[in-house]
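In our numbering, the protein residues as written are 15 to 409.
See below:
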């Protein structure tokens, strides 16, 4: 290796594995597969997280590219994945993610237990009734579905009752609707304009998917696949990090690391005093990344998979940040500034869509060597242009 420190080389391996050293010319579905999905997040402070993740990684990316891949070409699919959050995953890997993560417990239950709780003959009959009613129908919003099935009044009563804690208005067909969404038998085939992008649903058979690719895969095989992909997507990591990302308990993740090490698919590597593992496909990068540095600037969303586990982030990048997600006023939505393999600060930004102003609420460069780094200002200008902003305003 060159005279770069081991930590610097490891960071370069991570950045390269995450497609953040240079923007990729690969297809959206290839990038999404490589980095193990894009978390969907509805926060409209700036462009949504899944768009930001691809803007940082794909060359010449525009919002319409992701929308086309997800809602017209169906090469990627909205699915409940890590920690039961909504993600975009490749369509041909959807069944693998589902099998690997279906019994992850969050909010007191798992998808598997939640679905089993409403699996009576009447519930199954209601699923068939709903599928029959939606056969050959185009994508529709929730309200349009119940209009189509002449159940609008019943749905309105159910929604009002649910808000009041009264479930007596719930019909089996309404439970079937939520079940089919969870199983992704009902596919999101579009989202309406507006702040929260109301989804349009369609039966998967109506878009030519009679059965998901890789359906029927064993849970352990699915977990082995997903865990190895995640290790490769980060380049270097350790079991607790994978547990925090996926929601699979560490005690269940660790044996897969042992198997992968025995199969020589991963190798141990020390980062400081911490025992980590590098994926075998990334070992050649150790020498390559020792001889080069990227000075590319990326503005990383707080929901980006790179920064989702603070302990891992601190271990490899000596960086941490805070953000306020649930405050309507004073919400902090920091875009972490990554220059090459170093986090040097953050912008707290907001896009005013009506006035087309991109507002910098706070600029914090805590590495003085980058106070006047032109690449940061250029990245900010590119980000404003990506939002269609006509003016950048610093407060």
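In this text, a Cβ means the ideal position worked out from N, Cα and C, and glycines have one as well.
According to DSSP, residues forming a beta bridge with residue i
{"i": "residue 378", "result": "360"}
{"i": "residue 335", "result": "Looking at the DSSP assignment, residue 335 forms no beta bridge with any residue, so it has no partner."}
{"i": "residue 282", "result": "291"}
{"i": "residue 10", "result": "Any answer about residue 10 is impossible in this case: the structure gives the chain only from 15 up to 409."}
{"i": "residue 317", "result": "Bridge partners of residue 317: none, in fact."}
{"i": "residue 216", "result": "201"}
{"i": "residue 345", "result": "Answer by DSSP bridge pairing: none, since residue 345 is not bridged."}
{"i": "residue 45", "result": "Per DSSP, none; premise fails for residue 45."}
{"i": "residue 22", "result": "Partner(s): none; residue 22 has no beta bridge."}
{"i": "residue 311", "result": "353"}
{"i": "residue 366", "result": "371"}
{"i": "residue 39", "result": "According to DSSP, residue 39 bridges with nothing at all."}
Test item: CB-CB of residue i and residue j under 8 angstroms
{"i": "residue 143", "j": "residue 83", "result": "no"}
{"i": "residue 351", "j": "residue 361", "result": "yes"}
{"i": "residue 103", "j": "residue 262", "result": "no"}
{"i": "residue 45", "j": "residue 61", "result": "no"}
{"i": "residue 186", "j": "residue 123", "result": "no"}
{"i": "residue 267", "j": "residue 241", "result": "yes"}
{"i": "residue 88", "j": "residue 221", "result": "yes"}
{"i": "residue 270", "j": "residue 238", "result": "yes"}
{"i": "residue 259", "j": "residue 323", "result": "yes"}
{"i": "residue 249", "j": "residue 31", "result": "yes"}
{"i": "residue 370", "j": "residue 402", "result": "yes"}
{"i": "residue 57", "j": "residue 367", "result": "no"}
{"i": "residue 211", "j": "residue 198", "result": "no"}
{"i": "residue 74", "j": "residue 310", "result": "no"}
{"i": "residue 256", "j": "residue 244", "result": "yes"}
{"i": "residue 172", "j": "residue 188", "result": "yes"}
{"i": "residue 308", "j": "residue 246", "result": "no"}
{"i": "residue 382", "j": "residue 349", "result": "no"}
{"i": "residue 101", "j": "residue 179", "result": "no"}
{"i": "residue 94", "j": "residue 55", "result": "no"}
Reference residue i; option with closest CA among the options
{"i": "residue 9", "options": "73, 354 and 54", "result": "Beyond the ends of the chain as shown, which are 15 and 409, falls residue 9; an answer cannot be given."}
{"i": "residue 69", "options": "39, 58, 323 and 87", "result": "39"}
{"i": "residue 291", "options": "22, 404 and 28", "result": "28"}
{"i": "residue 411", "options": "114, 98, 155 and 139", "result": "Any question about residue 411 goes unanswered here, given that the chain covers just 15 to 409."}
{"i": "residue 393", "options": "382, 381, 406 and 383", "result": "406"}
{"i": "residue 201", "options": "156, 273, 256 and 92", "result": "92"}
{"i": "residue 325", "options": "78, 133 and 252", "result": "252"}
{"i": "residue 318", "options": "335, 250 and 216", "result": "335"}
{"i": "residue 286", "options": "314, 328 and 300", "result": "328"}
{"i": "residue 24", "options": "391, 289, 311 and 368", "result": "289"}
{"i": "residue 204", "options": "219, 159, 154 and 301", "result": "154"}
{"i": "residue 364", "options": "300, 408, 231 and 386", "result": "408"}
{"i": "residue 223", "options": "54, 106 and 382", "result": "106"}
{"i": "residue 345", "options": "37, 321, 333 and 375", "result": "375"}
{"i": "residue 22", "options": "300, 387, 385 and 391", "result": "300"}
{"i": "residue 145", "options": "133, 111, 159 and 280", "result": "159"}
{"i": "residue 214", "options": "384, 157 and 164", "result": "157"}
{"i": "residue 228", "options": "111, 379 and 78", "result": "111"}
Buried or exposed (CB count within 10 angstroms, at least 16 for buried), residue i
{"i": "residue 26", "result": "buried"}
{"i": "residue 208", "result": "exposed"}
{"i": "residue 148", "result": "buried"}
{"i": "residue 358", "result": "buried"}
{"i": "residue 176", "result": "exposed"}
{"i": "residue 109", "result": "buried"}
{"i": "residue 15", "result": "Caution applies to residue 15, whose pLDDT of 40 falls short of 50 and renders its modelled position unreliable; the value that the coordinates give is listed next. So residue 15 ends up on the exposed side."}
{"i": "residue 397", "result": "buried"}
{"i": "residue 114", "result": "buried"}
{"i": "residue 404", "result": "exposed"}
{"i": "residue 64", "result": "buried"}
{"i": "residue 76", "result": "exposed"}
{"i": "residue 194", "result": "buried"}
{"i": "residue 293", "result": "buried"}
{"i": "residue 53", "result": "buried"}
{"i": "residue 141", "result": "buried"}
{"i": "residue 120", "result": "exposed"}
{"i": "residue 400", "result": "buried"}
{"i": "residue 116", "result": "buried"}
{"i": "residue 236", "result": "buried"}
{"i": "residue 72", "result": "buried"}
{"i": "residue 152", "result": "exposed"}
{"i": "residue 80", "result": "buried"}
Residue i beta carbon near the ligand NAP (any heavy atom closer than 7 angstroms)
{"i": "residue 281", "result": "Absence of the ligand NAP from the depicted structure is noted, as is the absence of any ligand whatsoever, leaving it without description."}
**OP:** Enumerate, from N- to C-terminal direction, the unbroken alpha helix (DSSP H) stretches of 4 or more residues contained entirely within the region 102-178.
**Re:** 108-115, 125-130, 135-148, 156-162 and 166-177
Original post:
What runs of the beta strand (DSSP E), each 3 residues or longer, lie entirely inside the region 51-99?
Top reply: Listed in chain order, the complete beta strand (DSSP E) runs (minimum 3 residues) inside the region 51-99 are 90-94.
Subject >> Unbroken stretches of the alpha helix (DSSP H), 4 residues or longer, contained in the region 225-266 >> reply: Runs of the alpha helix (DSSP H) lying entirely within the region 225-266, each at least 4 residues long, are 233-248 and 253-260 in chain order.
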